[in-house]
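Read through the structure below, which is laid out as structure tokens, and then see the notes.
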Amino acid sequence: MRSLLSPLRLGPAELQNRIVSTAHQTTLIRDHLPTDDFVAYHEARAAGGAGLIVLEAAAVHPSGLLTDKTLGIFDEVAVPSLARVADAVHAHGTRLFVQLFHGGREQIMSPPRQPAVAPSAVPTPRFHVEPRALEGHEIEEIIAGYGKGAAIAAAAGLDGVEISAAHNYLIAEFFSTETNRRTDEWADGRRLLRAILSSVRDSAPELAVGVRVSADAAVTGEIVEQLTGRADYVSFALGDASTLMGATGIVPPPPVPHNAIADHADGHRSALPRIVTSRIVEPAEADALIASGRGDAVGMTRALIVDPGMPRKLRSGRERELLRCIGCNVCIAHYHAGTPIACAQNPRTGRERHLGPPQPGGERARVVVVGAGPAGLAATREAALRGHEVVVFESEDEIGGQVRLMRDAPGQAEIAETLVRNYDETLRSARVKLRLGTAADVDGIGALGPDLVVVATGAEPYRAPIPIEGAEPLAGWDVLRGERPRGRVLVADWGGDPTGLDCAELLAAAGCEVTLTVAATAVGESLHSYRRALYLARLYSAGVGIRHHLRLVGVTPAGGLFANLFAGDVRELIQADHVVLAQGRVPAPDPSAGLRRLGLEVRRAGDCASPRSLEEAILEGTMAVAGWAERAGARQASAVHTA
Ligand SMILES: Cc1cc2nc3c(=O)[nH]c(=O)nc-3n(C[C@H](O)[C@H](O)[C@H](O)COP(=O)(O)O)c2cc1C
Ligand code: SF4
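Written as structure tokens, this is what we have:
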């Protein structure tokens, strides 16, 4: 890790290493200002050893706010709260920049919305905003806003600012003739960026100044060329916020390959230091990118969202303890839902002030975990990190539960494989006894005398009570396990989880003629929009026929019988040789009641409590142990106190 952990200079700012937490919205903002949770979130990443943190997109003008939780840097009122972030981050030797941003014609908020502004009045295809063209004096005001934002950052003690010219927000809208149809002096959009850079330099000459661009945008080459002598670094990202497919590049999920940025950034040489970002997950690969000169620093943003301590672990040779990002995009899904940032794998992300790291010490307890899917594995890790003895019962011959089922599906394979791998270190612990292929029986568990039993037995497919005559439909899980019918296959998807999509993709790849019906407004509603868009691209390319708004009401030898979701009396038979049912899940049987009758402390976690997503499973598995340990600790403390 010599290259990755070596220092780097960006203008006046010296970084202790080349690992960067690039700008990402946290929704830990109130009244457009950082909250205490925001300070704690970034302090955790600084304490974890990041070389540089770039704070999220901060609007330089009220007209540039993307959401009602966007950070604002247009008023001096922001100085004290930004200064608190700077103090917290600097205490750990990490440098702190902020991204200066204007959303242009894009808006991601609910009504009442302010008027949207853009170089020209061109509606946006993704968020469906209809802006008006900026007047000349408004452009001057926005340019001055960038200068003021930089001055506010300097007054708060930050080390630098990064101007976002990426992702097709305001500055990039000026670059393209599609969005900039002006005939005045702003017809050449590069002029705007130059004016902004001058405004920023004049207002805060002591700061490092960088520019973020999308490496996959058509005009990027020209833009990068004009930065030499004007900026201290260039940051390469991917994606275009204005289109559904372009947006998938901003936070690309698997199966987009690791280090996706590298090939794009290679096309843009620059005399300036280059930060490269997107799908850089493995520290060894990051190190190799830097060693080979393909970047001078790496954005490892989701890698730090999931494991804020990654740089310190690398420095102290504890790489085996890394929690690797699986690319599930739950973090950005929280942003789009307007809820505080969270990570499916690390429940402490976004909860830094309320849920501290697990500490060994205190009474050593015996914890039994029933089920080694995500909830059970999370409970196991939490208990092992707290120093407890853990016995895990898993009825299958391998760990992972439903996640393992999905390992062949292109949209899930890396998620499944990396998630399971992330528990290697926990399961290596001498404190953990894993009993695979062993169904847990109540008396056997009772005989172990556990202090706590976490029941995480997962879910099983729901069998809808519909008439099935002369046909034998397959369960979606059978397809995930490897069954491959032949001919015309109809996948009847209820729309609440990705099982139907995975089945359709796997069957199309096996040569079937696939029709996917969805009993929802749109396909893949339960998935984050970037994952959904990539699923749809793959399904359409594979020739899968997609039919919306169809609820399965029966299966016959000729195919599936459907009712229209909205006009229920509109019925249709879709002919097929085989029907695959993806109709949701129900909790699997679990032994909680019997265990409670033995007087044991029992907590359910994940799908056996009611089937939901990976995020809830891991959160509940973790909290089943953390919540219990804290209560037990409190009981002990009060006993000592009363004694
Ligand atoms: C929750 C979230 C919010 C983001 N917000 C911003 C932002 O404010 N500005 C920006 O330039 N990029 C933003 N990004 C993109 C990241 O900076 C980064 O380019 C992206 O996550 C890909 O890098 P990674 O694969 O290392 O995560 C955001 C990413 C996430 C996950
Ligand atoms: S939520 Fe998923 S994508 Fe985001 S950091 Fe966590 S593991 Fe990675």
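Heads up, my numbering is the position in the sequence shown plus 32, with the first residue counted as 1.
Backbone N, C-alpha and C define an ideal beta-carbon position, used for all residues, glycine too.
Within the stretch 391-441, the complete beta strand (DSSP E) segments at least 3 residues long are 398-402 and 421-426, listed from N- to C-terminus.
Ligand 1 never approaches S246 closely enough for any of its heavy atoms to be under 7 Å from the residue's Cβ. Excluding the 5 residues flanking it on each side, H74 has same chain C-beta neighbours closer than 6 Å at I85, V117 and V121, in chain order. In the DSSP assignment, H74 falls within the alpha helix (DSSP H) that extends over D68 to A79.
Remark: fewer than three beta-carbon pairs, one from each stretch, lie closer than 8 Å, so the stretch 463-479 and the stretch 378-386 are not flagged as touching. Short note on N361: C-beta closer than 7 Å to some heavy atom of ligand 2.
Burial of R564 is indicated by the presence of at least 16 other C-beta atoms within 10 angstroms of its C-beta. By the C-beta density criterion, Y572 is exposed, having fewer than 16 other C-beta atoms within 10 angstroms.
Taking E314 as reference, the option from R301, T280 and I358 with the minimal CA-CA separation is I358. DSSP, reduced to helix, strand and coil, places R62 within a strand of the structure shown. Going by DSSP, F106 is part of no alpha helix (DSSP H) at all; its letter is neither H nor E. By the neighbour-count criterion, in which a residue is buried when 16 or more other Cβ atoms sit within 10 angstroms of its Cβ, L128 is buried. DSSP links D272 through a beta bridge to H199.
Comparing alpha-carbon positions, the option among T588, V618, H581 and R617 lying closest to G600 turns out to be H581. Considering only D191, R222, F106 and H610, the residue with the shortest C-alpha distance to A45 is D191. Just measuring C-alpha positions, the residue of S196, V435 and A188 sitting nearest R513 is V435. Burial check for L605: the Cβ neighbour count within 10 Å stays below 16, so the residue is exposed. With fewer than 16 other CB atoms across the displayed protein chains lying within 10 angstroms of its CB, P143 is exposed.
Of the residues assessed, E395 falls on the exposed side of the cut-off, its CB having fewer than 16 other CB atoms within 10 angstroms. Taken atom to atom, the span from the alpha-carbon of G476 to that of G626 is near 12 Å. Listed as beta-bridge partners of T588 by DSSP are G591. The C-beta distance from Q131 to E194 rounds to 5 Å, short enough to meet the 8 Å contact threshold. In the three-state scheme derived from DSSP, where H, G and I count as helix and E and B as strand, R158 is classed as coil.
The residues S113 and V117, in chain order, have a CB closer than 6 Å to that of P66 in the same chain once the five nearest residues on each side in sequence are set aside.
Relative to ligand 2, even the nearest heavy atom lies 7 Å or more away from the CB of I282.
For I307, no alpha helix (DSSP H) encloses it; the enclosing beta strand (DSSP E) starts and ends at R306 to T309. Scanning the stretch 612-638 for uninterrupted beta strand (DSSP E) segments of 3 residues or longer gives 617-619 and 634-636, listed from N- to C-terminal end. G388 carries a coil assignment under DSSP once its states are collapsed to helix, strand and coil. In the three-state reduction of the DSSP assignment, F129 falls in the strand class.
Per the coordinates, the alpha-carbon of L40 lies some 19 Å from the alpha-carbon of A297. Within the chosen limit of 7 Å, ligand 1 reaches the beta carbon of R311 through at least one heavy atom. With 16 or more other CB atoms across the displayed protein chains lying within 10 angstroms of its CB, S53 is buried. Exclusion of M141 from the 7 Å shell around ligand 1 follows from its C-beta lying no nearer than that to any non-hydrogen atom of the ligand.
Distances between the C-beta of S642 and the heavy atoms of ligand 1 are all 7 Å or more. The alpha-carbon separation between R311 and G490 amounts to approximately 30 Å. Within 7 Å of the C-beta of A445 there is not a single heavy atom belonging to ligand 2.
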